[in-house]
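Colleague:
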Ligand SMILES: Nc1nc2c(ncn2[C@@H]2O[C@H](COP(=O)(O)OP(=O)(O)OP(=O)(O)O)[C@@H](O)[C@H]2O)c(=O)[nH]1
Ligand SMILES: [Mg+2]
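In the working numbering, the protein residues as written are 1 to 196.
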């Protein structure tokens, strides 16, 4: 039988706050730099190649995309930040909309910040952590872990865990390509979506 995530289906997309789905139940949102691998992580988690649009070039996800798991649970793919080519007006729009969404959404039970393990935490990732001001559990998903050899991967995870040690933020490595860290990540999502 497919697990909860494999049953995911596209629900709707929002450009404005008024277009968000009703704020009931539980959802997990994926934020992070453009091109970090947010959409690809959701596709791997749900075992569906084309549920979220992905791209080699940054700036692919341009809307807040909702995916339904069941009547009470959702995954949310967010537009990335830090892509220089986004027009200033659009960047300001997303700053306002995403801040409100992240700070006011009652059904949001955990924020996943997707980080390219080779790049590590950037100022914008730290800025997002600061914005959240410990209001919500945050998990750092260090993706593209297949790009580093075992030793380098372990060293990087330890270094980032150390950087985050004062923040009470969990960290795990992940690869959408190889499936590394997938089970651990599913456990994490189960916890925040209250899956038995
Ligand atoms: N090797 C490897 N490549 C990955 C992995 N995850 C994502 N990628 C690649 O990274 C690129 C960006 O992936 P996306 O999932 O579109 O990134 P995104 O964070 O959703 O980007 P935006 O929608 O622009 O914010 C694509 O070329 C993916 O194939 C991974 O685990 N391993
Ligand atoms: Mg995307």
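All C-beta atoms in this analysis are idealised placements derived from N, C-alpha and C, irrespective of residue type, glycine included.
None of these values were measured; they are calculated from a predicted model.
Select from 31, 22, 144 the residue whose C-alpha is nearest the C-alpha of residue 177.
Modeller: 144
Colleague: Determine the DSSP secondary structure at residue 189, reduced to helix, strand or coil.
Modeller: Under the three-state reduction of DSSP, residue 189 is assigned to helix.
Colleague: Decide if residue 57 is buried, meaning its Cβ has at least 16 other Cβ atoms within 10 Å, or exposed.
Modeller: The residue is exposed, with fewer than 16 neighbouring Cβ atoms inside 10 Å.
Colleague: Counting along the chain, where does the beta strand (DSSP E) carrying residue 10 start and finish?
Modeller: 9 to 14
Colleague: Return the residue from the list 152, 17, 102 that minimises the CA-CA distance to residue 138.
Modeller: 102
Colleague: Helix, strand or coil: how does DSSP classify residue 36 here?
Modeller: coil
Colleague: Measuring only from the beta carbon, is residue 224 closer than 7 Å to any heavy atom that is part of ligand 1?
Modeller: What the structure shows of the chain is the stretch from 1 to 196, and residue 224 is not part of that stretch, so it cannot be assessed.
Colleague: At least one CB of chain C closer than 8 Å to the CB of residue 160: is that the case?
Modeller: The structure shown contains no chain C; it holds only a single protein chain.
Colleague: Which word fits residue 147, buried or exposed, when buried means at least 16 other C-beta atoms lie within 10 angstroms of its C-beta?
Modeller: exposed
Colleague: Using only alpha-carbon positions, find the residue among 46, 79, 162 that is nearest to residue 55.
Modeller: 79
Colleague: Round the Cβ separation of residue 111 and residue 14 to the nearest angstrom and send it over; I've been treating them as touching at under 8 Å.
Modeller: The pair is not a contact, with the Cβ atoms about 17 Å apart (cut-off 8 Å).
Colleague: Can we count residue 77 as close to ligand 2, meaning its CB is less than 7 Å from some heavy atom?
Modeller: Checking every heavy atom of ligand 2 against the Cβ of residue 77, one is found closer than 7 Å.
Colleague: Does the separation of the CB atoms of residue 113 and residue 31 fall below 8 Å?
Modeller: Contact: yes.
Colleague: Does the pairing of the segment 78 to 92 with the segment 42 to 56 give three or more beta-carbon distances under 8 Å?
Modeller: Contact between the segment 78 to 92 and the segment 42 to 56 is absent, because fewer than three Cβ pairs lie under 8 Å.
Colleague: Is it buried or exposed, residue 37, if we count other Cβ atoms within 10 angstroms and call 16 or more buried?
Modeller: buried
Colleague: Measure the C-alpha to C-alpha separation of residue 20 and residue 151 and round it to an integer number of angstroms.
Modeller: 42 Å
Colleague: Cα separation between residue 26 and residue 130?
Modeller: 23 Å
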